[in-house]
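One structure is given here, and the rest of the page talks about it.
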Amino acid sequence: MSSLVQSVDWLAIAPPTLAAVAGLVVLVTDLFIGDTRKAVLGWMSVAGLAASTLLLLPLRDGDRATFCLTGATDTCSYVADGFTLVIQLLVLGGALLVALLSVTALKDADRELPEGEYWFLLLSSAAGAALLPASRDLATLIVALEVASLPAFALVGIKRGDKKSSEAALKFFLSSVTATAVSLMGVSFVYATTGTLYLTRIADGIQHVDGQFHTLAQAGVVLTLVGFAFKTAAVPFHFWVPDTYVGAPLPIAAYLSVVGKAVGFSGLILVTVVALPSYADVWGPALAALAALTMTVGNVGALRQRPTRAYSAVRLLAWSSVGQAGYLLVPIAAAAYSEDAQKAIGSTVAYALMYTAVNLGAFAVAAVVARRSPLNRISDYRGLYAESPLSALVLGFFLLCLAGLPPGVIGLFAKVTVFSAAVDAGLGWLAVVMAVNVVIALFYYLQWTALLFRAPEGEPGTHRAPAPLTAAIALTAVLGVVLSGAPQLVLRFSETALF
């Protein structure tokens, strides 16, 4: 009789496990230290996320899998392959940069934010986000999605006595729970028609569904995608984004814009390309339409932001992130029509890596400006070059990367890669929509960039960045410059995102 006990590959699961353990250590430590020593919790969290990221290095040698079915080593719940490692690097690296932003934000908040709870929630969410790309069955996928999401709800509303923060958290929570419920119904339909939750077995089983269950299977496919479309902020599931970003602490807005998207896109890729390739005729057109709608609505929303409106800089970044989500959806949609789906997915991963570095960098500079101008209006950035030349140059570089203009070569390279994926898949109309949206985005990115170098309206102030903020800005700037000098590194790296 074969044993039903599954062996565990501890090295394979080490990155998300260490992030989770670090969260528990921080929570327990918070009970035993005084208010004057709470800052140590932040540095413990930074160290935990850095160690989790470094644990990805031993996993580069080859694919590893664990929690496999007894007697079926090719059917596993957790797989650490190239795709998993790239997304985990994006998630844990992004969370590490957010932690650096948070160290300063919590210090400036002067105990208005509960530090122990903040760091525990951030590490817990990062652990769930790192688990998701390794998940290879729908149950683990949904659990990882919720472990990443539930702490994020609390982080958005963690500002004590702030009505704006509470309203943002409530809106984020209700819309996310609704999307998850719809997605769970889709998972139940898929399970009912295939009899399995493992992605590879679903891919085989769904091709042989009885004719009478064909409609049920199609409904299951569409409903399952809804939850992940919400996490990616795809239109029409985007309405929570602007208010949530404004209401949340600025580092958490940065976290949602990058790590939250990575969670949604990795789940979307696993469900479509791995589990449901035979239903490409269902999810392909749906994602193509979502991509066109998302990039258009996002860019038009960003274009409509008034520079003097309170929090207009954060709102512009929020709407910009919606537009960027549309670009990220293009290669996933192209995978449905392409003979080489893996290459198309590599384009999404390459774009996500670029977006993570430059968007977190833009939020880091916004955090510096917010220390002097809490309302964070776009007009507050006028004359930034006279006050802080380095911050202005770095932010200008990040905005040009997002726009896809030199010297932000990495942004141009990423957009060309996505554009090529659409053309190669025969989605010419989607490539045209993308080209139009890139032109729209140029206007508001260049408008903001030009404002940085205009003469200030009053006497120039000073923008001093504490060491953690300076480190975050420096890391993202160096990464952006290096990749702009050698953009082929991104594509070569993303080519490891193969299943």
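What the sequence shown shows, in the working numbering, is residues 53 to 551, in sequence order. Backbone N, C-alpha and C fix where the C-beta goes; we use that ideal spot for every residue, glycine too.
Residues of its chain near residue i, where Cβ-Cβ distance is below 7 Å and the 5 sequence neighbours each way are ignored
i    : result
G213 : none
P237 : The sequence as given places Met at residue 237; Pro does not occur at that position. Around M237: L275.
S318 : I139, L184, P185
Y250 : T127, R188, D189
L427 : A362, Y363
A404 : L142, A314, F317, L380
A231 : V278, G279, F282, F289
L355 : I492, F495, Y496
Own chain, CB closer than 6 Å to residue i, minus 5 neighbours either side, in chain order
i    : result
T324 : W335
P539 : V461, I462, F465
F289 : A281, F282
V239 : L190, T276
A200 : S177, G180, A181, V315
L339 : L381, I384, A385
G94  : V155
L345 : V287
A332 : A388
Spatial distance of residue i from residue j (CA atoms)
i    : j    : result
Y363 : T245 : 48 Å
L226 : A438 : 44 Å
V326 : M347 : 25 Å
A385 : P337 : 7 Å
S431 : L503 : 8 Å
F471 : L183 : 30 Å
E391 : V484 : 21 Å
R188 : F241 : 18 Å
T69  : A179 : 7 Å
P203 : L308 : 11 Å
A181 : A507 : 43 Å
L207 : I304 : 7 Å
S54  : L121 : Caution is warranted here: a pLDDT of 44 is assigned to S54, below 50, making its placement in the model unreliable, and the coordinate value is therefore given only provisionally. S54 and L121: Cα-Cα distance of roughly 11 Å.
H260 : L412 : 45 Å
T360 : L494 : 20 Å
V150 : H266 : 45 Å
A377 : W481 : 18 Å
Y389 : A473 : 10 Å
I258 : A517 : 55 Å
Y297 : A233 : 23 Å
A519 : L153 : 10 Å
L454 : F135 : 24 Å
L479 : V73  : 45 Å
G263 : A269 : 10 Å
T192 : S129 : 7 Å
G90  : A99  : Looking at the sequence shown, residue 90 is not Gly but Lys. So the two alpha carbons sit approximately 15 Å from each other.
V446 : R423 : 17 Å
F84  : V421 : 35 Å
A271 : V195 : 21 Å
L457 : W62  : 44 Å
Same chain only: Cβ atoms within 8 Å of residue i, ignoring 5 sequence neighbours per side
i    : result
G552 : Because the chain here runs from 53 to 551, residue 552 falls outside it and cannot be looked at.
T88  : none
Q357 : S364, R367, L368, W371, I430, Y496
P459 : F449, L452, S536
P294 : G353, R367, A370, W371
F205 : A221, F224, F225, S228
A255 : V326, A327, L328, P329, S330
Residue range of the beta strand (DSSP E) that includes residue i
i    : result
F119 : 116-121
Bridge-paired residues (DSSP) for residue i
i    : result
C128 : C120
S187 : Y130
Y250 : D189
Enclosing alpha helix (DSSP H) for residue i [first to last residue]
i    : result
A517 : Segment: none, A517 is in no alpha helix (DSSP H) and carries neither H nor E.
I384 : 364-387
Y497 : 480-504
T276 : 266-283
D295 : 293-299
F84  : Run containing F84: none; DSSP gives neither H nor E here.
P337 : 332-355
W95  : 91-106
D476 : 461-476
Y403 : 393-422
E439 : 436-439
L111 : Careful: L111 lies outside any alpha helix (DSSP H) and carries neither H nor E.
S318 : 313-321
Practice task
Report yes or no: do the stretch 168-184 and the stretch 215-232 share at least 3 C-beta pairs separated by less than 8 Å?
Solution key: Short answer: they don't touch.
Exercise for the section: Could you say if the stretch 486-496 and the stretch 346-356 meet the contact criterion of at least three C-beta pairs nearer than 8 Å? Expected result: The stretch 486-496 vs the stretch 346-356: in contact.
Exercise for the section: May I ask you to verify whether the stretch 100-117 touches the stretch 159-166, counting CB pairs closer than 8 Å and requiring at least 3? Expected result: For the pair of segments examined, the stretch 100-117 was found not to touch the stretch 159-166: the number of CB pairs separated by less than 8 Å stays below three.
Problem - Three-pair Cβ contact test at 8 Å for the stretch 270-289 versus the stretch 309-323 - result: These segments touch.
Exercise for the section: Specify whether the stretch 521-531 and the stretch 414-428 touch according to this definition: at least 3 beta carbon pairs, one from each stretch, less than 8 Å apart. Expected result: Touching, per the Cβ criterion.
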